[in-house]
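K.L.:
Dropping the structure here:
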């Protein structure tokens, strides 16, 4: 049996495509999350950025790793069914916290979210990984876009810095260059008109991005990154994003539970 919000077909699509839409996952937490985003923007953390780039208009605010200091985020995680849904989609008996991420595109923000996979930026690897991207406003033009099946590519996509577009790590040869799915007929881009509280669930290795926000409304989004049974710490050739300095984990270990608590154990 899976959680009532989803069906076995949701699980099948997530496993096959690396992405699936879950309607209403955070529907009852939308106001809570909006309050948390407002608090986050008023009091940004050390990793906050406005992604300022020459020639771009508007403001693209993003920040992460704030759930321990912004109570609305923690409450939304605890009160929503996100951990149960994550366990079902990942086919995992456990669900462990990794981090949160807020992304706000004000009206008229021209900068897109570049095509990327999350996995290469992170110090965790495994088949059982999941991100939830949930808009807190109705979205059409600036919805998340994911490339179906990209979580199964043999080579990871080069992680880059969003503003400078430089490679994130020194050895770029081990990665494939960032593709342009809109110019490649072999790639299937999935995107969905979404209501506040809906969520796109996707694997850490699923290629994804988003257009700029050309609408007259804000596009606030709350993302949550979780891991399952097989996720393990892995060394990268430089500081990761997020960096989590002083974590003291060794390759092959599960993430330390005092920093990354278990949200569900079946």
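Numbering (full-length UniProt numbering), first residue to last: 1 to 266. C-beta: ideal position from N, C-alpha, C; glycine also.
Could you tell me the distance, in whole angstroms, from the CA atom of residue 4 to the CA atom of residue 46?
P.N.:
Residue 4 and residue 46: Cα-Cα distance of roughly 38 Å.
K.L.:
Using C-beta distances below 6 Å, list every residue in its chain close to residue 263, excluding the 5 sequence neighbours before and after it, in chain order.
P.N.:
83, 95 and 97, listed in sequence order.
K.L.:
Ignore the nearest five residues each way along the sequence and tell me which others in residue 153's own chain have a CB closer than 7 Å to its CB.
P.N.:
No residues qualify anywhere along the chain.
K.L.:
Do you know how far the Cα of residue 10 is from the Cα of residue 258?
P.N.:
Straight-line Cα distance between these residues: approximately 31 Å.
K.L.:
Residues in its own chain within less than 6 Å of residue 65 by CB, not counting five upstream and five downstream?
P.N.:
The answer, listed in chain order, is 99 and 242.
K.L.:
Are at least three pairs of beta-carbons, each pair with one atom in the stretch 130 to 148 and one in the stretch 9 to 24, less than 8 Å apart?
P.N.:
With a cut-off of 8 Å, the stretch 9 to 24 and the stretch 130 to 148 count as touching, because enough Cβ pairs lie within range.
K.L.:
If you reduce the DSSP assignment to three classes, tell me which class residue 90 lands in.
P.N.:
Three-state DSSP puts residue 90 in a helix.
K.L.:
Would the beta-carbon of residue 134 fall within 9 Å of that of residue 197?
P.N.:
Yes, the pair counts as a contact, with Cβ atoms nearer than the cut-off.
K.L.:
Would you list the one or two residues that DSSP bridges to residue 33?
P.N.:
BP columns for residue 33 are empty, so no partner.
K.L.:
Since residue 145 is in the beta strand (DSSP E), which residue starts that stretch and which ends it?
P.N.:
That run of the beta strand (DSSP E) goes 144 to 147.
K.L.:
How is residue 202 classed by DSSP in three states: helix, strand or coil?
P.N.:
Correct three-state label for residue 202: strand.
K.L.:
DSSP has residue 63 in a bridge; who is on the other side?
P.N.:
102.
K.L.:
Just to confirm before moving on: does the CB-CB distance between residue 245 and residue 169 stay below 9 Å?
P.N.:
Not in contact: residue 245 and residue 169 (Cβ atoms no closer than 9 Å).
K.L.:
Label residue 191 either buried or exposed according to how many other C-beta atoms from any shown protein chain fall within 10 Å of its C-beta, with 16 as the threshold for buried.
P.N.:
That one is buried.
K.L.:
Going by other Cβ atoms of all chains shown within 10 Å of its Cβ, with 16 needed for buried, is residue 205 buried or exposed?
P.N.:
It is buried - the Cβ of residue 205 has at least 16 other Cβ atoms within 10 Å.
K.L.:
Please report how far the alpha carbon of residue 53 lies from the alpha carbon of residue 163, in whole angstroms.
P.N.:
Roughly 6 Å separates the two Cα atoms.
K.L.:
From the DSSP output, in three-state form, read off residue 183 for me.
P.N.:
Helix.
K.L.:
Does the Cβ of residue 223 have 16 or more other Cβ atoms within 10 Å, making it buried, or fewer, making it exposed?
P.N.:
So residue 223 counts as buried.
K.L.:
At what residue ranges does the stretch 221 to 257 contain a whole run of the beta strand (DSSP E), taking only runs of 3 or more?
P.N.:
Runs of the beta strand (DSSP E) inside the stretch 221 to 257: none found.
K.L.:
Taking C-alpha atoms, which residue in 103, 85, 6 and 75 lies nearest to residue 48?
P.N.:
Considering only alpha carbons, the answer is 103.
K.L.:
Could you work out which residue in 81, 171 and 142 is closest to residue 194 when comparing CA atoms only?
P.N.:
Of the candidates 81, 171 and 142, the one whose C-alpha sits nearest the C-alpha of residue 194 is 142.
K.L.:
Which same chain residues end up closer than 7 Å to residue 59 when comparing Cβ atoms and leaving out the 5 residues on each side of it in sequence?
P.N.:
Once the five neighbours on either side are set aside, the close Cβ partners of residue 59 are 50, 106 and 109.
K.L.:
Under three-state DSSP, which class holds residue 262?
P.N.:
Residue 262: strand per DSSP, three-state reduction.
K.L.:
Would a C-beta distance cut-off of 9 Å place residue 234 and residue 260 closer than the cut-off?
P.N.:
Contact flag unset, no.
K.L.:
Between the stretch 21 to 40 and the stretch 215 to 222, are three or more C-beta pairs nearer than 8 Å?
P.N.:
With the cut-off at 8 Å, the stretch 21 to 40 and the stretch 215 to 222 touch.
K.L.:
Relative to the C-alpha of residue 29, which residue among 158, 137 and 240 is closest?
P.N.:
When each option's Cα is compared against that of residue 29, the closest is 137.
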